[in-house]
Amino acid sequence: MTQLYAVRMDVALPPDMDPAARDDLLAREKAYSQRWQRSGHWPHIWRCVGQYANLSVFAVDSNEQLHQILWGLPLFPYMGITVTPLAAHPSDIAQDPAQ
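For reference, each letter of the sequence shown is one residue, going 1 to 99 in full-length UniProt numbering.
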C-alpha cells in the first residue's frame, strides 16, 4: 500500500564551497531527484519562495523506502529535513464518491 509523506528540505551549502564541487553536487542532485520523480515515487516538488528549500510529496511503499531515498540525496549532508506522514482528509471532494 502506498504511503504519502510531505517532506520539507532546507538546504545550507557552505558559502566557501568550491564552485566546481558545488556545480557537480547540484547536477548529481538534479539527476537523482528526477529519476525518483519519473518513477512516480516523488510526484510533487515545489520551491519555498524566498528560501533555499522545497516542499515535496513522496508516494512510497514504506518508511524504509523513504529513508533510503532521502539518504541517497547528494545534498543530504547539507539539508535539514522534516517528514510529515499524510492521510486522506474526510472533507476532500476528490475522496467523496458523491462528487
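Beta carbons: idealized from backbone N, C-alpha and C, even for Gly.
Quick check on this structure: which residue in the options has the alpha carbon closest to the alpha carbon of residue i?
| i | options | result |
| --- | --- | --- |
| L4 | R35, H41, S33, R28 | H41 |
| H44 | Q51, G50, Y52, Q34 | Q34 |
| P14 | A88, P97, L75 | L75 |
| T84 | L25, F58, A94 | F58 |
| T82 | H67, A94, I93 | H67 |
Taking the beta carbon of residue i as the centre, do at least 16 other beta carbons fall within 10 Å, making it buried, or is it exposed?
| i | result |
| --- | --- |
| L86 | exposed |
| V60 | buried |
| H79 | According to the sequence as given, residue 79 is Met; it is not His. With 16 or more other Cβ atoms within 10 Å, it is buried. |
| V49 | exposed |
From the DSSP output, in three-state form, read off residue i for me.
| i | result |
| --- | --- |
| H44 | strand |
| A98 | coil |
At 3 residues or longer, and completely inside the UniProt domain "Muconolactone isomerase" (4 to 92): list those beta strand (DSSP E) runs for me, N to C. 44 to 47, 53 to 60, 79 to 86
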